[in-house]
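Going line by line, the protein sequences match chains X and F.
Using our numbering, the first residue of the first sequence is number 8, and each one after it goes up by one.
Using our numbering, the first residue of the second sequence is number 8, and each one after it goes up by one.
Virtual Cβ for every residue (Gly too), placed ideally from N, Cα, C.
Bear in mind that the values here come from a model prediction, so they are computed numbers and not experimental data.
Protein chains: 2
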Amino acid sequence: MTERAPTPAEPEAPPRRSDATRAGILAAARERFAADGYERATIRAIAKDAEIDPSMVMRYYGSKEGLFAAATSADLRMPDFTRVPREEVGQVLVGHFLDLWEDAGVLTALLRVGITNQAGAERMRKIFAEQLLPVAREVCPDPDAAPARAALCAAQLLGLALTRYVLRFPPSAALTREEITAWLAPTLQRYLTAERP
Amino acid sequence: MTERAPTPAEPEAPPRRSDATRAGILAAARERFAADGYERATIRAIAKDAEIDPSMVMRYYGSKEGLFAAATSADLRMPDFTRVPREEVGQVLVGHFLDLWEDAGVLTALLRVGITNQAGAERMRKIFAEQLLPVAREVCPDPDAAPARAALCAAQLLGLALTRYVLRFPPSAALTREEITAWLAPTLQRYLTAERP
DNA sequence: GTCTATAATTCGATAGAC
DNA sequence: GTCTATCGAATTATAGAC
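Below, the structure written as structure tokens:
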């Protein structure tokens with residue numbers, strides 16, 4: 008959950024004087040974006056949460072879109088599914104996503120913003136294509152149907168996050184981690200590895 | 008998809024002179040709320056779509072929230088599940104929801120707004136409790152687990168709508184109605200009627 | 001680096017003429 | 001019923017003093 012993952016190719020990021028301040032801004036931004044969505048999460052409110060002047064946010068990130076991009080550029084890398092037994096991919100996938108969702112507010116912010124903001128939706132599509140799609144290609148029996156299978160898994164996983172973390176349906180929020188895994192893992196397993204229905 | 012379903016108990020609605028105008032406003036509002044969410048869907052833009060003066064919207068619906076309430080007060084009544092064979096509830100449920108989603112933009116508007124707006128989320132919870140929960144109580148083997156089972160179904164159905172109609176993941180949007188039914192019906196069937204996992 | 005002041009928009013809502 | 005004009009508030013973003 009670093010503010011920017013250093014890419015090996017580009018020159019090393021120059022150490023800044025106020026990394027603590029910048030990290031505080033990003034944390035506040037994630038919380039506000041996750042709680043209020045893109046439009047209602049104002050720079051003023053984020054700055055107030057971070058106990059800093061609003062103009063500093065602009066100085067650091069240039070614009071509201073730049074701030075959002077920085078706040079949601081998290082590392083969502085998938086576990087290595089080549090080493091997972093084929094009959095356990097559903098369970099591993101559920102566990103991985105629960106870890107991500109319950110960690111920070113990054114995914115909640117992404118989901119909430121992806122629904123109101125065009126750039127956010129594009130980001131979600133990119134994450135789907137880069138993260139979930141390869142997993143489906145890896146484990147499903149018919150590679151040409153991998154996109155459909157991955158889309159079904161995305162629907163189930165994002166739907167759970169939607170009802171649990173965003174809409175906060177009481178019965179969905181009340182589910183334990185074990186219950187979620189027990190119910191959803193077989194579903195994902197079927198979407199990924201079952202013969203076409 | 009009438010603008011207001013006449014309730015038998017209350018006195019009959021007085022026929023208004025400009026019902027066509029009002030219907031046009033509501034149609035435009037649904038489209039805008041569905042496309043842009045609550046904050047970005049401005050009264051000015053809705054009025055422009057409906058080819059009417061913005062002040063008329065205020066005059067008719069009092070406020071932006073009143074307009075949203077009127078635009079999303081659709082009849083989402085469930086089919087009678089007491090007459091559906093228990094082994095077909097999953098299939099019937101999927102078909103019913105696909106009908107609703109592909110009909111007008113009501114549900115898309117509700118979903119999009121439910122994610123950014125507090126009142127919208129409350130509306131979604133109410134619809135869940137009044138529509139899906141009774142179905143689960145009707146068909147599931149352990150009534151005390153009905154809320155959890157209904158929540159799982161809501162997650163799967165709303166997740167499909169999210170990826171297909173809102174985020175527009177290409178593979179999700181490309182699924183045919185038959186494919187969706189074939190994949191999702193067994194999932195819902197299991198969530199509703201299977202023994203606890 | 002930090003802050004004040006303010007520009008430039010945009011929005012919901014209102015008042016009132018016709 | 002319909003429209004013009006406008007208020008008051010909130011926002012992003014900028015300019016510039018210290």
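Item, Value
"Using a Cβ-Cβ cut-off of 8 Å, state whether Thr14(F) counts as contacting chain X.", "Low per-residue confidence applies at Thr14(F): pLDDT is 43, beneath 50, and the placement is therefore not dependable enough to give any value."
"In terms of alpha-carbon separation, which member of Ala30(F), Gly31(F), Glu46(F) and Ser25(F) lies closest to Gly127(F)?", "Glu46(F)"
"By Cβ distance below 7 Å, which residues in the same chain neighbour Arg184(F) in space, the five residues on each side in sequence not counted?", "Leu105"
"Closer than 8 Å, CB to CB, is Thr115(X) near chain F or not?", "no"
"Output the distance between the C-alpha atoms of Glu94(X) and Leu195(X), rounded to the nearest integer angstrom.", "11 Å"
"Using a Cβ-Cβ cut-off of less than 8 Å, list which residues of the segment 41–62 of chain F approach chain X; keep chain order.", "Asp43, Gly44, Glu46 and Arg47"
"Nearest by alpha-carbon distance to Gln138(X): which of Ala161(X), Gly121(X), Ile122(X) and Gly102(X) is it?", "Ala161(X)"
"CB-CB under 6 Å to Ala157(X), same chain, minus the five flanking residues each way: which ones, in chain order?", "Leu139, Leu140 and Ala143"
"Using a Cβ cut-off of 8 Å, which residues of the segment 150–162 of chain F contact any Cβ in chain X, in chain order?", "Pro154, Ala155, Ala157, Ala158, Leu159, Ala161 and Ala162"
"For chain X, is any of its Cβ atoms less than 8 Å away from the one on Leu167(F)?", "yes"
"So which residues on chain X does Pro178(F) lean against when the C-beta distance must stay under 7 Å?", "Pro154, Ala155, Ala157 and Ala158"
"Closer than 7 Å, Cβ to any Cβ of chain X: which residues of the segment 95–128 of chain F, in chain order?", "Arg119, Gly121, Ile122, Thr123 and Ala128"
"Leaving out five residues on either side along the sequence, give the residues of the same chain with a beta carbon under 7 Å from the beta carbon of Leu159(F).", "Tyr198"
"Please return the same chain residues whose Cβ sits closer than 6 Å to the Cβ of Val135(F), not counting the five positions on each side in sequence.", "Residue identity check: residue 135(F) is Phe in the sequence provided, not Val. Cβ neighbours of Phe135(F) beyond the five flanking positions: Ala161."
"How long is the line joining the alpha carbons of Ala81(F) and Arg39(F), rounded to whole angstroms?", "16 Å"
"Counting only Cβ pairs nearer than 9 Å, list the residues of chain X close to Ala189(F).", "Arg203 and Pro204"
"If you compare alpha carbons, which of Leu100(F), Trp108(F) and Thr79(F) is closest to Thr89(F)?", "Leu100(F)"
"Do Met131(F) and His103(F) have their C-beta atoms closer together than 8 Å?", "no"
"Which of helix, strand or coil does DSSP assign to Val142(F)?", "helix"
"Where does the unbroken alpha helix (DSSP H) through Phe40(F) begin, and where does it stop?", "Asp26 to Arg47"
"Less than 8 Å separating the beta-carbons of Gly73(X) and Arg119(X)?", "no"
"Please list, in chain order, all residues of the same chain as Ile53(X) whose beta carbon is under 6 Å from its beta carbon, the five residues on each side excluded.", "Ala35, Ala36 and Arg39"
"Just to confirm, is the Cβ distance from Leu117(X) to Ala77(X) under 8 Å?", "no"
"Contact criterion: CB-CB distance below 8 Å. Does Asp186(F) meet it with respect to chain X?", "Correcting the residue identity first, residue 186(F) is Glu in this sequence and not Asp. For Glu186(F), the answer is yes, since a Cβ of chain X falls inside 8 Å of its Cβ."
"Helix, strand or coil: which one does DSSP assign to Ile50(F)?", "helix"
"Can you have a look at Ala27(F) and say buried or exposed, based on whether 16 or more other CB atoms are within 10 angstroms of its CB?", "exposed"
"Does any CB atom of chain X fall closer than 8 Å to the CB of Thr194(F)?", "yes"
"Taking Cβ-Cβ distances shorter than 7 Å, what residues in chain F pair up with Met131(X)?", "Leu174"
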